[in-house]
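Every letter in the sequence shown is one number past the one before it in my numbering, and letter 1, counting from 1, is -11. Written below as structure tokens is the structure these notes are about.
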Amino acid sequence: MAQTIAPPATGAVTPAPLPLKTLAPWALFVGVLMLVLLYFIGAEQGATSVLSGTDVHEWVHDGRHLLGFPCH
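Here is the structure:
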């Protein structure tokens, strides 16, 4: 039995590209999640409030100021 030694690889290994059909549902999910979070941080108070009371406002109060939303 003869054994051969393979020469060292000189080219860079590139990963296979992800098909759009695989990536699209996750991108849509993350986009909708970001919009919901942006709503709760930026607009969940006052006339457009989905939940009654000030609980959500108090939970995201520091995030509102960090992102530049006025709340007082």
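Beta carbons are placed, not taken as given, at the ideal position from N, Cα and C, and that holds for glycine.
Around the Cβ of Ile29, a 10 Å sphere holds 16 or more other Cβ atoms; the residue is buried.
Looking only at Ala31, Ala(-6), Ile(-7), Val1, the smallest Cα-Cα distance to Pro58 is reached by Ala31. With fewer than 16 other CB atoms across the displayed protein chains lying within 10 angstroms of its CB, Val24 is exposed.
In the DSSP assignment, Thr10 falls within the alpha helix (DSSP H) that extends over 8 to 30. For Leu55, same chain residues with a beta-carbon under 8 Å away, outside a window of 5 residues either side, are Ile29, Gly30 in chain order.
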